[in-house]
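Chains as they are written, first to last, in my numbering: chain E, 102 to 822; chain D, 102 to 822.
Working notes, structure below.
There are 2 protein chains.
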Amino acid sequence: MKSLFYSFLFLILVCGIQEKMISSSWSDEGMWLFNKPPIKQLKERYRMELTQDWLDHARLSSIRFNNGGSGSFVSANGLIITNHHIGADSLQKLSTANNNLLERGFYAAKREQELRCPDLELNVLESIEDVTERVNAKILPTMSSTQANTIRRATMSEIEKESLERTKLRSDIVTLYQGGQYHLYRYRKYTDVRLVMAPEQSIAFFGGDTDNFEFPRYNLDICLFRAYENDKPVKPKHYLKFSSIGPQENDLVFVVGNPGTTNRLETYEQLQHRRDYSHPYFLNYLRTMEAKLIQHSENGIEDRRQASSDLRRFSNARKAISGQYLGLLDPSILRQKQITEFQFLDELRHSLARSGKQEIPYTDAKVQQYLRMLDKVRLLHRHLRSFEKEYYLLERGDGFNSRYFQIARQIVRLTAELKKPSSDRLREYRDSNLDSLKFQLFSPAPIYPEVEKAKMLQSLTFMAEQLGGDHPLIQLVLDGHSPIQVVERLIGKTRLGDSSYRKELVKGGWETVLKSDDPMIQFARYLDERARKIRSTYENEFEEPERQVFGEMARLRFEVKGDSIPPDATFTLRLAFGVVKGYQIGDQSVPYCTKFSGIYKRAEEHRFIDPFNLPETWLHKKEKINLDCPFNFVSTADTIGGNSGSPVLNRAGEFVGINFDRNRFGLIRNFVYTDHQARHVAVHSQAILEALKNVYGYEELVQELIPIEKKKAEKAKRSRN
Amino acid sequence: MKSLFYSFLFLILVCGIQEKMISSSWSDEGMWLFNKPPIKQLKERYRMELTQDWLDHARLSSIRFNNGGSGSFVSANGLIITNHHIGADSLQKLSTANNNLLERGFYAAKREQELRCPDLELNVLESIEDVTERVNAKILPTMSSTQANTIRRATMSEIEKESLERTKLRSDIVTLYQGGQYHLYRYRKYTDVRLVMAPEQSIAFFGGDTDNFEFPRYNLDICLFRAYENDKPVKPKHYLKFSSIGPQENDLVFVVGNPGTTNRLETYEQLQHRRDYSHPYFLNYLRTMEAKLIQHSENGIEDRRQASSDLRRFSNARKAISGQYLGLLDPSILRQKQITEFQFLDELRHSLARSGKQEIPYTDAKVQQYLRMLDKVRLLHRHLRSFEKEYYLLERGDGFNSRYFQIARQIVRLTAELKKPSSDRLREYRDSNLDSLKFQLFSPAPIYPEVEKAKMLQSLTFMAEQLGGDHPLIQLVLDGHSPIQVVERLIGKTRLGDSSYRKELVKGGWETVLKSDDPMIQFARYLDERARKIRSTYENEFEEPERQVFGEMARLRFEVKGDSIPPDATFTLRLAFGVVKGYQIGDQSVPYCTKFSGIYKRAEEHRFIDPFNLPETWLHKKEKINLDCPFNFVSTADTIGGNSGSPVLNRAGEFVGINFDRNRFGLIRNFVYTDHQARHVAVHSQAILEALKNVYGYEELVQELIPIEKKKAEKAKRSRN
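Here it is as structure tokens:
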């Protein structure tokens, strides 16, 4: 859960630039819950009957990648497709100095050649249950925030544990509407996941940082895995039929995946706080880490390889958050948010009027209640300012950015928490989460000390920049030494790179941890009291009271509007819909899709210089490719980071493409949906087939995706021999 | 002057990492004034008699590059040598999309092929006069800071103007000892400067950001110009004889150049302020601008070319300031500064004791005065916190980083200031500075709108991050629009890229500026009142009172120590001395010089990948080169940014090399001198000859540098034909 939390903060919060705000009650906005689907909207707008079977098939074919993305089953033998940039974490972990899979790509023509990923966990959503009442049952209005938080946490752990024991399924309670509802999500887990195919990074991420969040695009951003159970390929009950035709212009399409975070239900004050406090801090942090890793990468080819996935994560987040920040600076965005609040006040008064009275004065109790809540949000954020940075640096670990530190802290806390009953523990150490947590903690994936030193040195330095050299936390961390000396001592001598040592510590429990002379373990122990303190300040003085206010606001909103507005994204399964169509930028028309011919043209414009270089195969096979084949396409469906790898379905529920990005007009979607120019970007299913067949010649894979093509492939094979 | 000021802030403030502090009264510390040379030290330590002739010859052969570096005359026909990275600004301005001189290099075998630089001004220091008494004469202790500042500024302008009119020489008063002394420097100016030769960027900056501030090094960091007057090459009375032997290990050498800024005489409180306020701000700013330009460069080859010199400036500054910041975080550095202050207190008490009394109590008036001054420095810096950022963003222009904005502001202010008498103007608009200012302002060098848009958008955004979206300054600047809209409006429609329009505005004066509909001019006008206000707050409430405190402290220091300690660097001519020698890192010995063989080895280690690629010529000519020839070397002489391009002289006053960098141990030198491992890095004079002769075959140039080699060269020429 911790690592998820980190992924979100860097990868998923995304928003941006906009040219013109269009707000329409008839828009395709919405990341809909599967237990509250947009049946009415689809029927009225697209004459589409959304059946329970359709929904179940889509849900059970969909997969959450626990490192921060989405995917889907696409064959009867457990074949899974996601984005290359979602598979990148595993590709990096499976690479060595002499075999860089991330860069060169990979293909297993036979099952026995498939490579097992060290720590990839996949989840399929089996069921959803509304447990709001039970979660809130023991909370009394007279309780302090600390009491309420403790009780709520305990109740949630209980419900999850009970469900896990009863169903044997991973059971997580999801907080919706910022505390307005609580739903229990049950997942089937897959932890034996093997790599089947990845294209070269240069075609998967063609155009690099330059084309990231742009359109037209030419990315084969795909990666294929296979799920195993008991050493045999999984036979999923549901998987998506692969369409060899794909979407056409004006087609209705669906995106099914796990959008990470949106902030559309946040108040004006919250967005202001993001603009003036959280985002400037994040931007500074991301740029700091990015600059350090660029510098480190220049040391040599192997350093570059080792740092590459961290670096890409930081660059991507920096570009996304910069876009979001520009959106927050645009006065029209915040103005719109203010207007929304005034409008709700009007709606509230109208709805009260309908239920009897004629003219509702602003002194009405409910109106006053709403205004009081807005004010409370403001005060909570003002209070947050005084400890926000320290919380990020110390508890979230921004000041100690290193895999070694994360491991040390998890071991220290895990062994300490295990002494308590599950319901009293810090939430990520509850019983129902321990398997997933240990799966990550004991991962045999390599850790590279030089990259970790660079990251930790830079993050310690950043912490000093933020807090000032005399801050007690800095004094505590440096303890009379220079940052370089501290990092050399901690990382130079830690044994935590060895996963068997981690197991030994966890097995030995708290007493063993106490006796450990590992410098990183000692360091994490040394800081833990202070870190827990700032965490409890954050939770009790900000998070819980905020949750209560939002709970109240959500109840008011339900009274007026019903739950017709879907909750903000929470990295759980959602359904979005939209139309495949291009857009205008000034006088220029951007068509709904690009073609294979375009990638050669764009590479040539940039003289084939990185990030516009093409893999050798693509250069050699140009003659054999259908240059008119569609490559990437866009639709108006509502997506956000976390939706990476989400399948795009047609009305028939077939796989017609895979989402991988938004254009820059879509960066604003964290805060506001618009379909004026904002689009999500996907790889066309035809492009996937064209590449697998005519660029790579991976017939086995094509056969598995399109069994009907088997004969053709066999014929092709014969003619090659 | 403004552009100088900018250059300093980004290029010159430099300090860094250190392994161990060594403080020795016998060290080679010192950037000595030419009117206060280290005669005694050189005699006692090196038995060297420093004569007035030697000093005059060195001074009059030396050149200040007004874009932030140093150089020297090296032939009877006005040939000048400096660093490639100092020439880079002119190389960039002389380049076009189809002819990238910065990257490919340049050579004019004949005079008529030499290229005139659009805006390069060179200065030769003709004389120095101490004017401290006159500058302070009218300042009374009863005056307010504002009065004192106004009067001091007026007196300085008067002195400079009088000197200019009398001598026709550029006349600048330099503030030494942070206000303890004022010296008048008179310069001969050269504004017709032509490019003679530059090597390829890949050999001049071999190893790029990775090897920057490191040693061993292999950089041919040279660039040759020629000064002209009346369209004829200048025949300087003094120029340095080029040594074809160069320095050997343990040789005494001298570095003569213009070190930019050091902070060695600053108090503990000042360094703390840098650590906790100024440096975190700068680092954030530099990384922001760097990230933006990296992103912009990825758009394409021409974008990369246009952004390259800006990008290198930001990267270099980021690396330098990061090193400085790590130094400030090292508790031993600040501790040493505290100890120095206590020591001075002891010395003060001893010196008072010598002049009569036995035991001097801390209640003694002079001791109390010193302590009061330390306290005053602390309070001034505390006050500075409340307006420091706004001063940087608004008045220094960090919030509007764009050449167009700088031009607009200069035009607006120049025309406004010209209505006043010289002594009442903002200092950079005094009569004696106008020629140099207009030379820069009317430069025909190209300005690239897309780079400027990227820089300005990023800096506006950064300003909002720093001040918050609701700050009056942000409201004023955005005026209801998004940052993108503001930048598009200002840069999309300005005519200031055309230097004839700039001349027209200045010629028309204030009335024409008032009527101008140029959006950037209007923007600069719109902001000017507020900018001037924050400037006067900065000057009157911080700079002038600080100057007064430092004046007092300097007088106390002179009483105790005499002026045996040279003042902090001020980008004026200084003399440093040291010994050519290697050093130890742990068990590893780093020899005093590298050889030509080493560069091929290092390039191979990095598979010839940028920044370790070698120019074609260097690859082809490998067989013809003496691989044992020394390449770069190090000495203990005391240098800092601004010394780039400084000639290194031997006892005989001959040119034996050219300084271009420090190693990372030398980054700390802003605050503390150490010769334990800290070294400056220079190109060996033999390396320059070897490259010109055997790599490039530029015989004409070799002849001019070493006239005695003329015959050999002619012979070589004959054998080629």
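Glycine residues also receive a C-beta, built at the ideal position from the N, C-alpha and C atoms.
Quick caveat, the model's predicted, so the values are computed rather than measured.
Distance, residue j Cα to residue i Cα
i	j	result
Gly-758 of chain E	Phe-174 of chain E	13 Å
Glu-644 of chain E	Val-650 of chain E	10 Å
Ile-635 of chain E	Phe-488 of chain E	8 Å
Ser-303 of chain D	Tyr-701 of chain D	13 Å
Thr-638 of chain D	Thr-247 of chain D	9 Å
Arg-633 of chain E	Gly-746 of chain D	54 Å
Phe-506 of chain D	Ala-625 of chain D	7 Å
His-284 of chain E	Ala-655 of chain E	15 Å
Met-564 of chain E	Gln-373 of chain E	24 Å
Ile-575 of chain E	Leu-568 of chain E	8 Å
Asp-293 of chain E	Glu-448 of chain E	52 Å
Listed by chain order, chain D residues near residue i by CB distance under 8 Å
i	result
Thr-368 of chain E	Near Thr-368 of chain E there are no residues of chain D at all, since even the closest Cβ is about 15 Å away, more than 8 Å.
Pro-317 of chain E	Those do not exist, as Pro-317 of chain E stays about 15 Å from chain D at its closest Cβ, beyond 8 Å.
Ala-392 of chain E	Arg-388, Glu-391, Ala-392, Arg-419
Leu-579 of chain E	Leu-430, Pro-432
For residue i, the three-state DSSP class (helix, strand or coil)
i	result
Arg-596 of chain E	coil
Asp-629 of chain E	helix
Lys-825 of chain E	In the structure displayed, chain E extends from 102 to 822; residue 825 of chain E sits before or after that span and is not available.
Phe-111 of chain D	Only weak support is given to the placement of Phe-111 of chain D: the predicted model assigns it a pLDDT of 35, under 50, and the question is left unresolved by the model.
Ile-346 of chain D	coil
Arg-656 of chain D	helix
Gln-778 of chain E	coil
Short Cβ contact (8 Å threshold) for residue i with residue j
i	j	result
Glu-640 of chain E	Leu-481 of chain E	no
Leu-435 of chain D	Tyr-369 of chain D	yes
Ser-503 of chain D	Glu-551 of chain D	no
His-781 of chain E	Gly-798 of chain E	no
Asn-795 of chain D	Ser-344 of chain D	no
Ile-229 of chain E	Cys-324 of chain E	no
Gly-754 of chain E	Ala-159 of chain E	yes
Tyr-693 of chain D	Phe-734 of chain D	yes
Asp-310 of chain D	Pro-712 of chain D	yes
Thr-695 of chain E	Arg-318 of chain E	yes
Beta-carbon neighbours of residue i, restricted to chain E and to distances below 8 Å
i	result
Thr-311 of chain D	Gln-396, Glu-399, Asn-400
His-721 of chain D	Result: empty, since nearest Cβ-Cβ is about 23 Å, beyond 8 Å.
His-707 of chain D	Gly-401, Ile-402
Thr-562 of chain D	Ser-423, Tyr-426, Leu-427, Leu-430
Gln-373 of chain D	Gly-570, Asp-571
Under 9 Å from the C-beta of residue i: neighbouring residues of chain E
i	result
Pro-584 of chain D	Leu-427, Leu-430, Asp-431
Whole-Å CB distance - residue i paired with residue j, under 8 Å assumed
i	j	result
Leu-296 of chain E	Leu-195 of chain E	6 Å
Thr-362 of chain E	Ala-738 of chain E	About 17 Å; that fails the 8 Å criterion.
Pro-219 of chain E	Ala-546 of chain E	4 Å
Ile-422 of chain D	Leu-387 of chain D	6 Å
Met-557 of chain D	Val-588 of chain D	5 Å
Leu-384 of chain E	Glu-566 of chain D	6 Å
Lys-629 of chain E	Val-468 of chain E	At residue 629 of chain E the sequence reads Asp, which differs from the Lys that was named. Contact flag wrong, Cβ pair sits at about 46 Å.
Chain D residues whose Cβ lies nearer than 7 Å to that of residue i
i	result
Glu-566 of chain E	Pro-381, Leu-384
Ile-686 of chain E	Neighbours of Ile-686 of chain E on chain D: none; closest Cβ ~13 Å, over 7 Å.
- request: Compile a chain-ordered list of the residues in the segment 758-787 of chain E whose CB is closer than 9 Å to at least one CB of chain A.
  value: Protein chains E and D are contained in the structure displayed, whereas chain A is not.
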